[in-house]
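A.B. asks: Residue numbers (this note's numbering), protein chains in the order written: chain A, 7 to 260; chain B, 320 to 386.
Glycine is no exception: its CB is placed at the ideal position from the N, C-alpha and C atoms.
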Amino acid sequence: MSALPLILTVFVACAVEAIEALTIVLAAGLTREWRSTYQGMAAALAVLAVIVAAVGPAITLLPLTALRLVVGALLAIFGLQWLRKAILRATGHKSLHDEASAYLREVTAAKEAVTESRGRVRDWYAFTLAFKGVLLEGLEVVFIVITFGANQRDVGAAVIGAAAAVLVIVVTGIAVRAPLARVPENAMKFAVGIMLTAFGTFWGAEGAGVSWPGHDAALLVLVPVVALVSLAYMAVLRPRGRAAAPVTDKVVSS
Amino acid sequence: MRRLKSIGAFWYDFVVGDDWRVAVAVVAALALTALLVHAAGVNAWWLLPACVLAALAWSLRRATTKS
């Protein structure tokens, strides 16, 4: 299989996580102070780098069959979570993830918190807010990069996709200096959910000993099937009389 | 102990998410696939996709009938 689907899937998945991390970092930096925010970000990135350095090489040492079975199961479960959330949000059964209101919530909490310095960190609240935000969103990026990269035996391509996504979001965030509320986050989550579910199913079944008809070409059928069935579920779950607005984000309070 | 519990809760939420039944369905389908392939000699490539899509439908139905 070519590296392009791998890079694109990782790019979109990581962009969604980077947008959520950016919202938290902006809330910490603009409301509290930037130095402690940068320190929190740097500490989180260091922890993530250690995780990648420790887990990445270890996971590629596993036999491919075992790796595909375990990683396929994890990816399918992970992808189904994303797909479930995206469908529930698109059909109005769950509120849309709104970066603008998430930002407001963080800003309100940040304004109320007291300033306390610890060691070299001037503002512990800004530090921990940025640290937690980058670490938690970054863990999902690390999970996707390692699982996709290891399964395809092409961690480099996965890292390129992730790095490009983070770069694009960071540059946009610096230019805009506001949460990226207009990005169609739910549509992106829906697309990534489809890819994670399809790839997870493909690799998981291969790990269980299945031989797919057409080998890698089966993915060209599996991805559209998962997408079409998910769209059908969405059509069924959309309340009657509601205007069709498949997966796109229509955030009320932006 | 509290820290251990919160780490466990984080990883549970990270991997399993909102509906544990989906995770159980995927693992059970994989086990059944492996059994069919290795014990019965059936190339059951169709089983996991069918179970994954059925698990999604089941989970969505549960979530929407609750709300």
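Identify whether arginine 124 (chain A) lies in helix, strand or coil by the three-state DSSP scheme.
C.D. replies: Counting from 1 along the first sequence, the entry for residue 124 (chain A) is found at position 118. The answer is strand: DSSP assigns arginine 124 (chain A) an E or B state.
A.B. asks: Taking only beta-carbon atoms, is glycine 327 (chain B) less than 8 Å away from chain A?
C.D. replies: Residue mapping note: residue 327 (chain B) aligns to position 8 of the second sequence, counting from 1. It does not; no Cβ of chain A falls within 8 Å.
A.B. asks: I want to know whether the region 192 to 199 of chain A touches the region 77 to 89 of chain A - three or more CB-CB distances under 8 Å.
C.D. replies: Yes, the region 192 to 199 of chain A touches the region 77 to 89 of chain A.
A.B. asks: Name the chain A residues that come within less than 8 Å of tryptophan 364 (chain B), Cβ to Cβ?
C.D. replies: Within the second sequence, residue 364 (chain B) is the residue found at index 45, counting from 1. Ala211, Val216, Ser217, Trp218, Pro219 and Ala224, listed in chain order.
A.B. asks: What residues in its chain sit with their C-beta under 7 Å from that of valine 61 (chain A), if we drop five residues either side in the sequence?
C.D. replies: Within the first sequence, the letter at position 55 stands for residue 61 (chain A). Correct list, in chain order: Ile152.
A.B. asks: Can you list, in chain order, the residues of its chain with a C-beta nearer than 8 Å to that of valine 356 (chain B)? Leave out the 5 residues immediately preceding and following it.
C.D. replies: Here the question's residue 356 (chain B) lines up with position 37 in the second sequence. Result list for valine 356 (chain B): Asn362 and Ala363, in chain order.
A.B. asks: What would DSSP say about histidine 261 (chain A), mapped onto helix, strand or coil?
C.D. replies: Outside the shown range of chain A (7 to 260) lies residue 261 (chain A), about which nothing can therefore be said.
A.B. asks: Our contact map puts valine 31 (chain A) next to isoleucine 150 (chain A) with C-beta atoms below 8 Å; I'd like the distance itself, whole angstroms only.
C.D. replies: Walking along the first sequence from the start, residue 31 (chain A) turns up at place 25. Walking along the first sequence from the start, residue 150 (chain A) turns up at place 144. Wrong, their Cβ atoms sit about 20 Å apart, outside the cutoff.
A.B. asks: For leucine 375 (chain B), I'd like the list of residues in its chain whose CB is within less than 8 Å of its CB, leaving aside the five on either flank, ordered along the chain.
C.D. replies: The count along the second sequence starts at 1 and reaches residue 375 (chain B) at position 56. Answer for leucine 375 (chain B): Val341, listed in chain order.
A.B. asks: Please report whether the beta-carbon of valine 235 (chain A) lies at a distance below 8 Å from any beta-carbon of chain B.
C.D. replies: Within the first sequence, residue 235 (chain A) is the residue found at index 229, counting from 1. With 8 Å as the cut-off, valine 235 (chain A) counts as an interface residue toward chain B.
A.B. asks: If I measure Cβ to Cβ from arginine 244 (chain A) and keep anything under 6 Å in the same chain, skipping five residues before and after, which residues do I get?
C.D. replies: The residue labelled residue 244 (chain A) in the question sits at position 238 within the first sequence. Taken in chain order, the residues that qualify are Thr97.
A.B. asks: Within this structure, are the beta carbons of valine 165 (chain A) and alanine 21 (chain A) separated by less than 8 Å?
C.D. replies: Reading the first sequence from its first residue, position 159 is the one you call residue 165 (chain A). Reading the first sequence from its first residue, position 15 is the one you call residue 21 (chain A). No, they are not a contact pair.
A.B. asks: Tell me whether glycine 213 (chain A) sits in a helix, a strand or coil according to DSSP, three-state version.
C.D. replies: Counting from one through the first sequence, the residue named residue 213 (chain A) turns up at place 207. It is helical.
A.B. asks: Out of A:Val242, A:Leu228, A:Leu234 and A:Tyr239, point me to the one whose CA is closest to alanine 82 (chain A)'s CA.
C.D. replies: Along the first sequence, read from residue 1 onward, the residue named residue 82 (chain A) stands at position 76. Comparing Cα-Cα distances from alanine 82 (chain A) to each of A:Val242, A:Leu228, A:Leu234 and A:Tyr239, the minimum goes to A:Leu228.
A.B. asks: If we call anything under 8 Å between Cβ atoms a contact, is alanine 156 (chain A) one with threonine 43 (chain A)?
C.D. replies: Translated into the one-based positions of the first sequence, residue 156 (chain A) becomes position 150. Translated into the one-based positions of the first sequence, residue 43 (chain A) becomes position 37. Not in contact: alanine 156 (chain A) and threonine 43 (chain A) (Cβ atoms no closer than 8 Å).
A.B. asks: Whole angstroms is fine: what's the gap from glycine 199 (chain A)'s alpha carbon to alanine 373 (chain B)'s?
C.D. replies: Here residue 199 (chain A) is taken as the residue at index 193 of the first sequence, counted from 1. Here residue 373 (chain B) is taken as the residue at index 54 of the second sequence, counted from 1. Their backbone Cα atoms lie some 15 Å apart in a straight line.
A.B. asks: Rounded to the nearest angstrom, what separates valine 182 (chain A) and serine 325 (chain B) at their Cα positions?
C.D. replies: Reading the first sequence from its first residue, position 176 is the one you call residue 182 (chain A). Reading the second sequence from its first residue, position 6 is the one you call residue 325 (chain B). Cα to Cα, the separation comes out at about 35 Å.
A.B. asks: Under 7 Å Cβ-Cβ, which residues of chain B neighbour leucine 82 (chain A)?
C.D. replies: Numbered from its first residue, the first sequence carries residue 82 (chain A) at position 76. This sequence places alanine at residue 82 (chain A); leucine is not what is there. The contacting residues are Val345 and Val371.
A.B. asks: So is threonine 207 (chain A) in contact with chain B if we call contact Cβ pairs under 8 Å?
C.D. replies: Taking the first residue of the first sequence as position 1, residue 207 (chain A) is located at position 201. Output row for threonine 207 (chain A): interface = yes.
A.B. asks: Comparing C-alpha positions only, which one of A:Ala163, A:Gly213 and A:Ala233 sits nearest to leucine 14 (chain A)?
C.D. replies: Residue mapping note: residue 14 (chain A) aligns to position 8 of the first sequence, counting from 1. Minimum Cα distance to leucine 14 (chain A) is reached at A:Ala163.
A.B. asks: Could you tell me the alpha carbon to alpha carbon distance between threonine 207 (chain A) and tryptophan 130 (chain A), rounded to whole angstroms?
C.D. replies: Mapped onto the first sequence, residue 207 (chain A) falls at position 201. Mapped onto the first sequence, residue 130 (chain A) falls at position 124. Those two C-alpha atoms are separated by around 43 Å.
A.B. asks: Mind checking whether valine 283 (chain A) and leucine 51 (chain A) have CB atoms under 8 Å apart?
C.D. replies: Any question about residue 283 (chain A) goes unanswered here, given that chain A covers just 7 to 260.
A.B. asks: When the Cα of leucine 36 (chain A) is compared with those of A:Phe205, A:Ile180 and A:Ser236, which residue comes out closest?
C.D. replies: Locating residue 36 (chain A) in the first sequence gives position 30, where the first residue counts as 1. Checking every option, the nearest Cα to that of leucine 36 (chain A) belongs to A:Ile180.
A.B. asks: If we count Cβ pairs, one from each stretch, closer than 8 Å, do we get three or more for the region 210 to 229 of chain A versus the region 59 to 77 of chain A?
C.D. replies: The answer is yes - the region 59 to 77 of chain A touches the region 210 to 229 of chain A, with three or more Cβ pairs under 8 Å.
A.B. asks: Below 8 Å on the Cβ atoms is my guess for leucine 354 (chain B) versus leucine 366 (chain B); work out the distance and round it to an integer in Å.
C.D. replies: For this step, residue 354 (chain B) is matched to residue 35 along the second sequence. For this step, residue 366 (chain B) is matched to residue 47 along the second sequence. With a Cβ gap of about 10 Å, leucine 354 (chain B) and leucine 366 (chain B) do not count as contacting.
A.B. asks: Pull out every residue of the region 69 to 80 of chain A whose Cβ sits closer than 8 Å to any Cβ of chain B, in chain order.
C.D. replies: Under the 8 Å Cβ criterion, the region 69 to 80 of chain A contributes Leu75, Gly78, Ala79 and Leu80.
A.B. asks: Relative to the C-alpha of alanine 382 (chain B), which residue among A:Lys100, A:Ser107 and A:Leu110 is closest?
C.D. replies: If you number the second sequence from 1, residue 382 (chain B) lands on position 63. Alanine 382 (chain B) has its Cα closest to that of A:Lys100, out of A:Lys100, A:Ser107 and A:Leu110.
A.B. asks: Examine chain A for any beta-carbon lying closer than 8 Å to the beta-carbon of glycine 360 (chain B), and answer yes or no.
C.D. replies: What you label residue 360 (chain B) is simply residue 41 of the second sequence in a count that begins at 1. It does not: the Cβ of glycine 360 (chain B) has no partner Cβ on chain A nearer than 8 Å.
A.B. asks: How big is the Cα-Cα spacing for aspartate 338 (chain B) and valine 127 (chain A)?
C.D. replies: On the second sequence, position 19 is the one that residue 338 (chain B) refers to. On the first sequence, position 121 is the one that residue 127 (chain A) refers to. For aspartate 338 (chain B) and valine 127 (chain A), the distance between alpha carbons rounds to 39 Å.
A.B. asks: Distance cutoff 8 Å, beta carbons only. Does leucine 292 (chain B) sit that close to anything in chain A?
C.D. replies: With chain B represented from 320 up to 386, any question about residue 292 (chain B) goes unanswered, as that position is not in the structure.
A.B. asks: Of all Cβ atoms in chain B, is any one closer than 8 Å to the Cβ of threonine 203 (chain A)?
C.D. replies: As a working mapping, residue 203 (chain A) is identified with position 197 in the first sequence. By this cut-off, threonine 203 (chain A) is an interface position.
A.B. asks: Would you kindly report the start and end of the unbroken alpha helix (DSSP H) that includes histidine 357 (chain B)?
C.D. replies: The count along the second sequence starts at 1 and reaches residue 357 (chain B) at position 38. First-last of the alpha helix (DSSP H) with histidine 357 (chain B): 339 to 358.
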